[in-house]
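Novice: If you're matching them up, the sequences are chains A and B in order.
Quick note on my numbering: the first sequence kicks off at 51 and runs consecutively.
Quick note on my numbering: the second sequence kicks off at 31 and runs consecutively.
Note that CB positions come from ideal geometry on N, CA and C, so glycine has one too.
Quick one: this structure, given as structure tokens, is what I'll be asking you about.
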Amino acid sequence: MHFINRSNLDRLAKSLSKTYRVYVPVKSEGNRSYERIGDAGLGDAVIGEIRPTETIKSFYFPARTKVSEYFPGDIPEKKHRPIAVIGAKSCDLASLAVMDYVFKQDTFKDPFYIAKRDEGLIISSDCTCYGESCFCVAVGVMPYPTVEFDINLSEIESGYVVEAGSDKGEKVIKDYSKLFQGVGHYLEKRDANRKRLKDELLEHVKSKNIPAKDSIQDLFKKKFDGDLWEETVKTCVECGACNVICPACHCFVLKDQKKDGGFERLRLWDSCLLRSFAMVAGGANPRKLLAQRLRNRFDKKFNFFPEKIGKFACTGCGRCTEACPGKIDIREVLSNLAK
Amino acid sequence: MKIMIDNPYVPIKTGILDVIDESQTIKTFSLVPDKPLHFKAGQFIEMTVPGIGEAPFTPSSSPYDKSKLEVTIMKTGKVTGRIHELKKGDVVGLRGPYGKEYPLNEFEGKEILLVGGGVGLAPLRALFLALVHDIDKYKDILFCCGSKTPSDIIFKDCILDKWQKLDKRVNFRVTVDKKDDQWKGKEGLVTTTLDHLKINLKNSVAIVCGPPIMMKFSVFKLIEVGYKEDQIYLSMEKNMSCGIGKCGHCRMGDYYACKDGPVFRYDKISNIHEIWD
Numbered sequence: 051m052h053f054i055n056r057s058n059l060d061r062l063a064k065s066l067s068k069t070y071r072v073y074v075p076v077k078s079e080g081n082r083s084y085e086r087i088g089d090a091g092l093g094d095a096v097i098g099e100i101r102p103t104e105t106i107k108s109f110y111f112p113a114r115t116k117v118s119e120y121f122p123g124d125i126p127e128k129k130h131r132p133i134a135v136i137g138a139k140s141c142d143l144a145s146l147a148v149m150d151y152v153f154k155q156d157t158f159k160d161p162f163y164i165a166k167r168d169e170g171l172i173i174s175s176d177c178t179c180y181g182e183s184c185f186c187v188a189v190g191v192m193p194y195p196t197v198e199f200d201i202n203l204s205e206i207e208s209g210y211v212v213e214a215g216s217d218k219g220e221k222v223i224k225d226y227s228k229l230f231q232g233v234g235h236y237l238e239k240r241d242a243n244r245k246r247l248k249d250e251l252l253e254h255v256k257s258k259n260i261p262a263k264d265s266i267q268d269l270f271k272k273k274f275d276g277d278l279w280e281e282t283v284k285t286c287v288e289c290g291a292c293n294v295i296c297p298a299c300h301c302f303v304l305k306d307q308k309k310d311g312g313f314e315r316l317r318l319w320d321s322c323l324l325r326s327f328a329m330v331a332g333g334a335n336p337r338k339l340l341a342q343r344l345r346n347r348f349d350k351k352f353n354f355f356p357e358k359i360g361k362f363a364c365t366g367c368g369r370c371t372e373a374c375p376g377k378i379d380i381r382e383v384l385s386n387l388a389k
Numbered sequence: 031m032k033i034m035i036d037n038p039y040v041p042i043k044t045g046i047l048d049v050i051d052e053s054q055t056i057k058t059f060s061l062v063p064d065k066p067l068h069f070k071a072g073q074f075i076e077m078t079v080p081g082i083g084e085a086p087f088t089p090s091s092s093p094y095d096k097s098k099l100e101v102t103i104m105k106t107g108k109v110t111g112r113i114h115e116l117k118k119g120d121v122v123g124l125r126g127p128y129g130k131e132y133p134l135n136e137f138e139g140k141e142i143l144l145v146g147g148g149v150g151l152a153p154l155r156a157l158f159l160a161l162v163h164d165i166d167k168y169k170d171i172l173f174c175c176g177s178k179t180p181s182d183i184i185f186k187d188c189i190l191d192k193w194q195k196l197d198k199r200v201n202f203r204v205t206v207d208k209k210d211d212q213w214k215g216k217e218g219l220v221t222t223t224l225d226h227l228k229i230n231l232k233n234s235v236a237i238v239c240g241p242p243i244m245m246k247f248s249v250f251k252l253i254e255v256g257y258k259e260d261q262i263y264l265s266m267e268k269n270m271s272c273g274i275g276k277c278g279h280c281r282m283g284d285y286y287a288c289k290d291g292p293v294f295r296y297d298k299i300s301n302i303h304e305i306w307d
């Protein structure tokens, strides 16, 4: 454990930007997004607080990726600097378990995702407050990173408690050891802060009546045939915002197009709420009804992935609740599973 | 970006050796990929029309024919529409083979019932050719084929006419939904060919492939005549886009049709909702 003050973190970010494309969370008129920094350093980056509106999945699984050129051959090798993201939050890190399973651990491997993940550096940070839509603690995710970080920062006063989470993180700390100091009494403060926020969040979530984490999968199975889905879907406009904003939604579609006398294949984010998602060429569609498609989203998150990896494909970030023009609140849907 | 492992999204350049008209809406394309691509009966490939896109097909030729592979394609959507415009000498792309094949070892020593409808006969032809390649391993084969009209019957020369005469262990029941003036055979849905089966059900397996509704009623009929769920095998047609269990389109319950199928034993999927749609 170490401690780093803000000006040294700024120096670290500047140094890392020589090797990495460094992204940090910035806040503008209430919106949070990741912005790339250069020599200017951290600027007014917000390391604490809550997750940005956009997820970190874009760094490893971009909305649009060229996955092939044909014929002949493959994509010419083009070297990009790897990505370092600073200030990623626990909910996004937890979602990497789903992404890693799909693209890295399952039978077939996705070289694009694997390269970006393996080369990348993640300097995460504790949440220091919660958003109205946040409910991570209800699905077993803490408001502070516990997995998948190389280095984690916990904001205390004018600096950060620093914890290494991987060999890569240890190495960065060692390489820039002059920027760090001993953690001292800040560690106790960090733990107290974590406990305080967790308790506040548990209290916040309590009023939403979300069923106990371990009961959700069974409750979903029981409600599969009920009218919950038709009721819930009444205000859905089939926009797919919940899919693209979700850190754990991984579905995509391959699209081909002409390019410079050859052809290229793009991998684009897709949305299971859209009518054509499961439709076959002959017109048969296993999920003709919007209610079936909404149910499918919950099936995948709270039934399919628990079967595959023992984890939900939902980390309680609440982004889908914020993004939904039909005001479908995922916490309300979960609460209705138990009614 | 340095790609250290094989890129699974790249199609193999493939020449079209021949195009055979099977019916007004179905053509068979004989393909020779630049790199060998060996499939097992029941597995599928993704076929690329350059610049247009991909679609999944199960080859219809014998898996033992290493010189080429054939896919039999009905004109039904955007990609298949463009495929039907392709001619001998044109170039397409192939990826695969993907998915689980028919478990031939589980069929050994048994009376095998094949039930196919329309273009669903394509995977069954590959299976049939694999079975007759080692015909001594199996007790016998009854191939029940259904088509809409006599002019919709595919694989007439290469299967029906040839094998009917060659081996008494191989038999056919052919029916059309609607006959014409020349048709001397049976009229009725393919399920009607499953009446009066002279099969020892205890030692039989049934393999079904066709449009969703045909599969649904054929399976119900097979259960009615006494087949158990674990004696029935299906080839599921779902929207297999990536073919490698990543894109999410072909999920059915806990399975992906592309990775865990497309061949499923019925008892494994009979409790999954929406399988017949």
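Of all the CB atoms in chain A, is at least one closer than 8 Å to the CB of residue 267/B?
Specialist: The count along the second sequence starts at 1 and reaches residue 267/B at position 237. Chain A, which has a Cβ nearer than 8 Å to the Cβ of residue 267/B, makes this yes.
Novice: As a quick exercise: from 94/A, 181/A and 300/A, pick the residue whose alpha carbon is nearest that of residue 101/A.
Specialist: Within the first sequence, numbered from 1, the residue matching residue 101/A stands at position 51. Selected option, being the one with the closest Cα: 181/A.
Novice: Who are the neighbours of residue 300/A on chain B, taking C-beta pairs under 8 Å?
Specialist: Walking along the first sequence from the start, residue 300/A turns up at place 250. Those within 8 Å of residue 300/A in chain B are 276 and 278.
Novice: Got a sec, what are the start and stop residues for the beta strand (DSSP E) residue 123/B sits in?
Specialist: Numbered from its first residue, the second sequence carries residue 123/B at position 93. Its beta strand (DSSP E) spans residues 121–128.
Novice: Please check the pair residue 77/B and residue 69/B, which I expect to be a contact at CB under 8 Å, by giving their CB distance rounded to whole angstroms.
Specialist: Sequence index remark: in the second sequence, residue 77/B carries index 47 (1-based). Sequence index remark: in the second sequence, residue 69/B carries index 39 (1-based). Taking C-beta atoms under 8 Å as the contact rule, residue 77/B and residue 69/B fail to qualify, at a distance of about 12 Å.
Novice: To which residues of the same chain is residue 31/B closer than 8 Å at the C-beta, ignoring the five residues directly before and after it?
Specialist: On the second sequence, position 1 is the one that residue 31/B refers to. Note that residue 31/B has pLDDT 44, beneath the 50 cutoff, so the model's placement of it is unreliable and the number below is only indicative. Excluding positions up to five away in sequence, the list is empty.
Novice: To the nearest angstrom, how far is the alpha carbon of residue 33/B from that of residue 202/B?
Specialist: Here residue 33/B is taken as the residue at index 3 of the second sequence, counted from 1. Here residue 202/B is taken as the residue at index 172 of the second sequence, counted from 1. Only weak support exists for where residue 33/B lies, its pLDDT of 47 falling under 50; the coordinates are left without a value.
Novice: Using 8 Å as the threshold, is the segment 136–148 of chain A in touch with the segment 70–87 of chain A, meaning 3 or more CB pairs across them?
Specialist: yes
Novice: For residue 267/A, does the three-state DSSP call read helix, strand or coil?
Specialist: Indexing the first sequence from 1 puts residue 267/A at position 217. Correct three-state label for residue 267/A: helix.
Novice: If the cut-off is 8 Å on Cβ atoms, which residues from the segment 38–56 of chain B count as contacting chain A, listed in chain order?
Specialist: 38, 39, 40, 41 and 43
Novice: Starting from residue 337/A, find everything on chain B with Cβ-Cβ shorter than 7 Å and list it in chain order.
Specialist: By 1-based counting over the first sequence, the position of residue 337/A is 287. Per Cβ cutoff of 7 Å: 304.
Novice: Which runs of the beta strand (DSSP E) at least 3 residues long sit entirely within the segment 130–218 of chain B? Give them in chain order.
Specialist: 141–147, 170–177 and 200–206
Novice: Using only alpha-carbon positions, find the residue among 178/B, 186/B and 196/B that is nearest to residue 165/B.
Specialist: As a working note, residue 165/B is residue 135 in the second sequence. Of the listed residues, the one whose Cα sits closest to residue 165/B is 196/B.
Novice: Is there a Cβ of chain A sitting closer than 8 Å to that of residue 235/B, yes or no?
Specialist: Counting from one through the second sequence, the residue named residue 235/B turns up at place 205. By this cut-off, residue 235/B is not an interface position.
Novice: Please identify, using Cβ separations under 7 Å, the residues of the segment 131–150 of chain B that lie next to chain A, in order along the chain.
Specialist: Listed in sequence order: no entries.
Novice: Quick one: which chain A residues come within Cβ less than 9 Å of residue 156/B?
Specialist: Looking up residue 156/B in the second sequence gives position 126. Within 9 Å Cβ-Cβ: nothing; residue 156/B doesn't reach chain A, min ~20 Å.
Novice: Report the residue from 110/A, 299/A, 90/A and 176/A whose alpha carbon sits nearest the alpha carbon of residue 244/A.
Specialist: Working through the first sequence from its first residue, we reach residue 244/A at position 194. Nearest C-alpha to residue 244/A: 176/A.
Novice: What do you reckon, are the CB atoms on residue 274/B and residue 289/B nearer than 8 Å?
Specialist: The residue you call residue 274/B lines up with position 244 of the second sequence. The residue you call residue 289/B lines up with position 259 of the second sequence. For residue 274/B and residue 289/B, yes; Cβs fall inside 8 Å.
Novice: Please list the residues of the segment 255–275 of chain A that have a C-beta atom closer than 9 Å to any C-beta atom in chain B, keeping them in chain order.
Specialist: 274 and 275
Novice: Consult DSSP for residue 277/B and reduce its assignment to one of helix, strand or coil.
Specialist: In the second sequence, counting from the first residue as 1, residue 277/B sits at position 247. Residue 277/B: coil per DSSP, three-state reduction.
Novice: In chain A, what lies closer than 9 Å to residue 84/B by C-beta?
Specialist: The residue you call residue 84/B lines up with position 54 of the second sequence. The contacting residues are 304, 306 and 315.
Novice: Give, in chain order, every unbroken run of the beta strand (DSSP E) that is at least 3 residues long and sits entirely within the segment 194–248 of chain A.
Specialist: 201–206 and 209–214
Novice: What span of residues does the beta strand (DSSP E) with residue 48/B cover, start to end?
Specialist: Against the second sequence, residue 48/B aligns to sequence position 18. First-last of the beta strand (DSSP E) with residue 48/B: 42–51.
Novice: What residue ranges within the segment 98–158 of chain A form continuous beta strand (DSSP E) runs of no fewer than 3 residues, ordered along the chain?
Specialist: 114–120 and 133–138
Novice: Any idea which residues DSSP pairs residue 52/A with across the strands?
Specialist: Position 2 of the first sequence holds residue 52/A. Its beta-bridge partners are 212/A and 232/A.
Novice: Can you look up residue 192/A in the DSSP assignment and give me helix, strand or coil?
Specialist: For the purposes of this step, residue 192/A is taken as residue 142 along the first sequence, with counting starting at 1. It is coil, neither helix nor strand.
Novice: Whole angstroms is fine: what's the gap from residue 282/B's alpha carbon to residue 58/A's?
Specialist: Here residue 282/B is taken as the residue at index 252 of the second sequence, counted from 1. Here residue 58/A is taken as the residue at index 8 of the first sequence, counted from 1. Our two residues, residue 282/B and residue 58/A, have alpha carbons roughly 52 Å apart in a direct line.
Novice: Could you run through the segment 91–109 of chain B and flag, in chain order, every residue whose CB is less than 9 Å away from some CB of chain A?
Specialist: 104, 106, 107, 108 and 109
Novice: Listing by chain order, which chain A residues have their CB less than 8 Å from the CB of residue 336/B?
Specialist: Any property of residue 336/B remains undetermined from this structure, which presents chain B solely from 31 to 307.
Novice: Run through DSSP, which three-state label would residue 292/A get?
Specialist: By one-based count along the first sequence, residue 292/A stands at place 242. Helix, per DSSP.
Novice: Could you check the C-alpha separation between residue 285/A and residue 241/A for me, to the nearest Å?
Specialist: On the first sequence, position 235 is the one that residue 285/A refers to. On the first sequence, position 191 is the one that residue 241/A refers to. When rounded, the distance between both Cα atoms is 42 Å.
Novice: Are residue 289/A and residue 375/A close, meaning C-beta to C-beta below 8 Å?
Specialist: Counted from its first residue, the first sequence places residue 289/A at position 239. Counted from its first residue, the first sequence places residue 375/A at position 325. Yes, these two residues count as a Cβ contact at 8 Å.
Novice: Are the C-beta atoms of residue 289/B and some chain A residue less than 8 Å apart?
Specialist: As a first step, residue 289/B must be located in the second sequence, where it is residue number 259. Answer yes: the Cβ-Cβ gap between residue 289/B and chain A drops below 8 Å somewhere.
Novice: For residue 261/B, does the count of other Cβ atoms within 10 angstroms reach 16, so buried, or fall short, so exposed?
Specialist: Here residue 261/B refers to the residue found at position 231 of the second sequence. Counting every other CB atom within 10 Å of its CB across the protein chains shown gives residue 261/B a total of 16 or more, marking it as buried.
Novice: Could you please give me the residues that DSSP links to residue 77/A through a beta bridge?
Specialist: Here the question's residue 77/A lines up with position 27 in the first sequence. Answer is 82/A.
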